[in-house]
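There are 2 protein chains.
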Amino acid sequence: MKKDTNETTEDHILNVAQEVFLKKGLDGTRMQEIADKAGINKSLLHYYYRTKQKLFKKVFKVAFKHFFPTIKANITSEKSLFEKIEAFVETYYNLLQKNPYIPAFVIHELNRNSANVAEIFKSIFQENNLELDLMFDELNKQIQVEVDSGKIIPIDAKQLIVNILSLCIFPFVAKPIIKGILLENDESKYKTFIEERKKVVSQFIISAISIR
Amino acid sequence: MKKDTNETTEDHILNVAQEVFLKKGLDGTRMQEIADKAGINKSLLHYYYRTKQKLFKKVFKVAFKHFFPTIKANITSEKSLFEKIEAFVETYYNLLQKNPYIPAFVIHELNRNSANVAEIFKSIFQENNLELDLMFDELNKQIQVEVDSGKIIPIDAKQLIVNILSLCIFPFVAKPIIKGILLENDESKYKTFIEERKKVVSQFIISAISIR
DNA sequence: AAGTAATTTAACCATATGGTCAAATTTACA
DNA sequence: TGTAAATTTGACCATATGGTTAAATTACTT
């Protein structure tokens, strides 16, 4: 990646590091590669970020920053459940189209080193004033109201949440499989496929839970 | 892992290697660790499997062996679409409960090195006489018939397949997130949660696509 | 029991890797 | 302009890592 003129070296390193870490993970990333891609000396990485771990942590935080607040905004809005689902799927797909490597990256690092990543998560929550428990309680109540009033089928809120997340996130982590096996390895077909899912998925979910 | 008495050293190494590779991935795995866990000298790894790459390839193949034939058996059976979906979800969840690390492993390696893994996939297909194209065509037809006869809502077969796979696989790759954020980090709660999904998911899918 | 082949080990090797350090260069600013 | 601080670099280090090799040990065959 080329450094644009009004970008500090420190930020430039972070951007390049993000690019490499996201694609190759903590283990697969070489400090030398980051240095080369950033067009700088390896010592400079350590000058700004001390160790690989610290650089990684920073990258992780920055990359993940936008995700939770976006979710929060959606869950805490005043919309109806169906509107929320539609909005959530739409926003989430947009976010993931812009950051397609994040999910596989997070999942891998989380499976590799839960403790380390969990700690990073926690600090993101704190810094962004996010109280997940409260958010889920809120959503939970809203779902329960709809269930009780006979508008949607009885479904455990957590199962529903996991269903929604599955349908949104999996197509990105499984991109090589979907593209390779289902879509003749054609990038533009994959893009179209994802684009279509914005409608398909929310329809699918709403159709699954609504009582007609 | 301890070697049981009637297991050859070669197989023992493979089992231990699988355990380590699945958890840590190609990059994260150290040959020394495999040797230590197998209770043997590192040279012996190379004696039997030459290089890390070759050992990895073998592990990958063995670990993945059971998946595709299971899918095939299901898709090519004589059941109705709904029955197939129910059977598929059930079988797949059972398979994944027994091999919970496989999905995250495959996804990571696929994102890291599509070419290498795609090649392994191809040889698995050949060795098991699996023609994915034909299988999908078959399923495609069956879905189209149900759509045309007004039994299910119009939905692109590929989108439906990805939906089904998402709902089955994602809960395993995202285990640390689900368990950590939604289930108070309680392993037994996670197990119950997964167990419940065998019913929840197929109900969800069928409810989503059926016209009532 | 002897001899041969298969298995296992210890000692090495070359290279890669994260990281350090002192010197050089650039920038800030008095 | 001079100088102190910040930035950048090249040379270097200790360790880890995948892999090799020759010797030692064990198993097999007659």
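Which chain is which? The protein sequence lines are A and B, in order.
Numbering of the first sequence is given in the working numbering, commencing with residue 1 and proceeding in unit increments.
Numbering of the second sequence is given in the working numbering, commencing with residue 213 and proceeding in unit increments.
Heads up, the beta-carbon is just placed ideally off N, CA and C, and yes, glycines get one too.
Since the model is a prediction, treat every value here as computed from it, not as a measurement.
Requested in this report: List the DSSP bridge partners of residue 209 of chain A.
Outcome: The partner list for residue 209 of chain A (beta bridge, DSSP) is empty, contrary to what the question assumes.
Query raised in the report: Would you say residue 336 of chain B faces chain A, with C-beta separation under 8 Å as the test?
Result: no
Requested in this report: Please check if any C-beta of chain B sits within less than 8 Å of the C-beta of residue 150 of chain A.
Outcome: no
**Report entry** Buried or exposed by the 16-neighbour rule on C-beta atoms within 10 Å, applied to residue 112 of chain A
**Finding:** buried
Query raised in the report: In three-state terms, what does DSSP make of residue 169 of chain A?
Result: helix
**Report entry** Check whether residue 72 of chain A and residue 130 of chain A have beta carbons under 8 Å apart
**Finding:** yes
Requested in this report: Tell me whether residue 102 of chain A sits in a helix, a strand or coil according to DSSP, three-state version.
Outcome: helix
Query raised in the report: Can residue 120 of chain A and residue 204 of chain A be called in contact, C-beta distance under 8 Å?
Result: no
Query - Chain-ordered neighbours of residue 370 of chain B on chain A, where CB pairs are closer than 9 Å - result: 178, 182, 183 and 193
Query raised in the report: In its own chain, which residues sit with a C-beta less than 8 Å from the C-beta of residue 230 of chain B, not counting the 5 before and 5 after it?
Result: 271, 274 and 275
Query raised in the report: Does DSSP classify residue 332 of chain B as helix, strand or coil?
Result: helix
Query raised in the report: Given that residue 196 of chain A touches chain B, what residues does it touch there, using C-beta distances under 9 Å?
Result: 368 and 371
**Report entry** Collapsed DSSP secondary structure at residue 155 of chain A in the structure displayed
**Finding:** coil
Query raised in the report: If you follow the alpha helix (DSSP H) that residue 266 of chain B is part of, which residue opens it and which one closes it?
Result: 264-276
Requested in this report: Check each residue of the region 249-264 of chain B: if its Cβ is closer than 9 Å to any Cβ of chain A, include it; give the result in chain order.
Outcome: none
Report task. Residues of the region 62-84 of chain A with a CB closer than 8 Å to any CB of chain B: list them in chain order, please. Result -> none
Query raised in the report: Taking C-beta to C-beta, are residue 164 of chain A and residue 102 of chain A nearer than 8 Å?
Result: no
Query raised in the report: Of the residues B:268, B:237 and B:353, which one's Cα is nearest the Cα of residue 367 of chain B?
Result: B:353
Query - Cβ neighbours of residue 104 of chain A in the same chain (closer than 6 Å, five flanking residues each side left out) - result: 173
Report task. Could you confirm whether any beta carbon from chain A is found closer than 8 Å to the beta carbon of residue 224 of chain B? Result -> no
Report task. Establish whether the CB of residue 328 of chain B and some CB of chain A are separated by less than 8 Å. Result -> no
Query raised in the report: Closest by CA to residue 410 of chain B, which one among A:181, A:29, A:108 and A:159?
Result: A:159
Query raised in the report: Which residues bound the alpha helix (DSSP H) around residue 246 of chain B?
Result: 243-250
Requested in this report: Compute the Euclidean distance between the alpha carbons of residue 211 of chain A and residue 422 of chain B, then round it to the nearest angstrom.
Outcome: 12 Å
Requested in this report: Compute the beta-carbon to beta-carbon distance between residue 70 of chain A and residue 138 of chain A, rounded to the nearest angstrom, for a pair I have assumed lies under 8 Å.
Outcome: That pair is no contact at about 16 Å.
Query raised in the report: Measuring CB to CB, does residue 237 of chain B end up less than 8 Å from residue 321 of chain B?
Result: yes
Query raised in the report: If you drop the 5 nearest sequence neighbours on each side, which residues of the same chain put their C-beta closer than 6 Å to that of residue 201 of chain A?
Result: 89 and 167
Query raised in the report: Going along the chain, which residues of its own chain have a beta-carbon closer than 6 Å to the beta-carbon of residue 49 of chain A, five neighbours each way excluded?
Result: 55
Query raised in the report: By how many angstroms is the C-alpha of residue 383 of chain B removed from the C-alpha of residue 259 of chain B?
Result: 39 Å
Requested in this report: Establish whether the CB of residue 382 of chain B and some CB of chain A are separated by less than 8 Å.
Outcome: yes
Report task. Determine the direct distance from the alpha carbon of residue 360 of chain B to that of residue 65 of chain A, and round the result to whole angstroms. Result -> 46 Å
Query raised in the report: Three-state secondary structure (DSSP) at residue 8 of chain A?
Result: coil
Query raised in the report: Within 8 Å (strictly less), CB to CB, does residue 374 of chain B reach chain A?
Result: yes
**Report entry** Cβ distance (whole Å) where residue 162 of chain A is taken to contact residue 390 of chain B below 8 Å
**Finding:** 6 Å
Query - Within chain A, the residues that residue 400 of chain B reaches when beta carbons sit closer than 8 Å - result: In chain order: nothing, as chain A lies at least about 15 Å away.
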